[in-house]
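>
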Amino acid sequence: MPNPRPPWRPSGADRPNSVSLSSRPDCARRIEPQSDARLYRDKALLIHPSVRSDSIPDAYRGLQLGVGPADAEPRSLLLHGFTGLAEDWVDVWPANEPALALDLPGHGTSADPQRDFESSLQQLLATLPASIDRVVGYSLGGRLALGLLRLAPQRFRSAVIVSAHPGLADPAARAERRAADARWIERLERDGIDAFVAAWEQLPLFASQAHVPAERLDHQRARRLDQRAQGLAASLRVHGLAEMPPMREVIVQYPGRLHWITGAEDHRFSALASEVQRWRPSTRLHRIDGAGHNPLLEAPEVLSALLEQLIASS
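Residues 158 to 471 in this note's numbering are what the sequence shown spells out, letter by letter.
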């Protein structure tokens, strides 16, 4: 695919309900038989068709997934991880549950983030369809989901956080993380996307992915290489962990149902999840055996079954 991806721009009444997916990756083609699934590539991309396209911020674009009744509006908002895409959810999201999956700012077809952590989320929150009352986020997407709960805790009846950090309260830890992110930003801007991806995939955080089938890893690498170095650098500047407010009070005071998922092999983030449960005992923890930091990649079938169970119970 070209880099960056060219947007598809329908016009007015000629906008189709679906578009050809023949040029999309295999995971996106798998939604083609679902006649009500929509893949948009313009400013209306993430929002239900009843919402005017000119009301949607350029910073957020993605996929509409799932098939439900003809008049069903999506209830779930899906947020991927750093270097990911909206399409990362295709293999794990229940096929009968309408949802909106975003390309986060700086990723895929979305514009680079231009504002601070909170302002960029306010922009998204102001344009979400009223039907959205559940947010699901992995890693970076999980941190952004917590940011949405901070801005509008009453808006979301439930939240599912996958392998995400609840924020750094210690100023020294924040400064250390900001310096580390600055080195990644420098690598992106100096060496380009290929060198960055090669180094990023060697992080100990991803060591558990050694057991993942080669075809799946190759698919992930191809998506990463199709990103823009400038976009990922902007994402780190605006949405990096050091730029995120500590979320302990947000989590403690959240009135909805909170699920926190980690891979059992991801000891660091499983420990963080246990800490979250100590803050808020009603938080429901879920550990996926045999998976590390990225259950979407490492255990898609297990994660899909778990998500289906959580949706049915909410």
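C-beta atoms are modelled at their ideal positions from N, C-alpha and C, and glycine is treated no differently.
#1: Where are the alpha helix (DSSP H) runs, 4 residues long or more, that stay fully inside the segment 291-333, in chain order?
#2: From the DSSP output, in three-state form, read off aspartate 423 for me.
#3: Here's the rule I'm using: 16 or more other beta-carbon atoms within 10 Å means buried, otherwise exposed. How should tryptophan 417 be labelled?
#4: Please go through the same chain and pick out, in chain order, the residues whose beta-carbon is closer than 7 Å to the beta-carbon of leucine 393, but skip the five residues on each side of it.
#5: I need the straight-line Cα distance from leucine 382 to isoleucine 350, nearest angstrom please.
#6: Quick one: residues in its chain with C-beta nearer than 7 Å to the C-beta of glycine 298, no 5 flanking neighbours on either side, listed in chain order?
#7: With a threshold of 16 other CB atoms inside 10 Å of the CB of proline 438, please say whether the residue is buried or exposed.
#8: Alanine 456: buried (16+ other C-beta within 10 angstroms of its C-beta) or exposed?
#9: Take aspartate 290 and list the residues in its own chain whose beta-carbon comes closer than 8 Å to its own, dropping the five residues that flank it on each side.
#10: So, helix, strand or coil for leucine 257, using DSSP?
#11: Identify the continuous alpha helix (DSSP H) that holds isoleucine 350 and give its terminal residues.
#12: When we look at the beta-carbon of isoleucine 204 and count the other beta-carbons within 10 Å, is it buried (16 or more) or exposed?
#13: Under a Cβ-count criterion, where at least 16 other Cβ atoms within 10 Å of its own Cβ denotes burial, should serine 296 be classed as buried or exposed?
According to the structure shown:
#1: Here the runs fully enclosed are 297-308.
#2: The answer is coil: DSSP assigns aspartate 423 none of H, G, I, E or B.
#3: Under this definition tryptophan 417 is a buried residue.
#4: Result list for leucine 393: Asp338, Trp341, Ile342, in chain order.
#5: Those two C-alpha atoms are separated by around 6 Å.
#6: Cβ within range, chain order: Leu236, His237, Gly238, Leu261.
#7: The residue is exposed, with fewer than 16 neighbouring Cβ atoms inside 10 Å.
#8: Label assigned to alanine 456: buried.
#9: Around aspartate 290: Arg232, Arg312, Phe313, Arg314, Ser315.
#10: Reduced to three states, the DSSP call for leucine 257 is strand.
#11: Following the DSSP letters along the chain, one finds isoleucine 350 inside the alpha helix (DSSP H) bounded by residues 350-357.
#12: A caution first: isoleucine 204 carries a pLDDT of 35, below 50, which makes its placement in the model unreliable, though a value can still be read off. Under this definition isoleucine 204 is a buried residue.
#13: Under a 10 Å Cβ-count criterion, serine 296 is classified as buried, with 16 or more other Cβ atoms of the shown protein chains found around its own Cβ.
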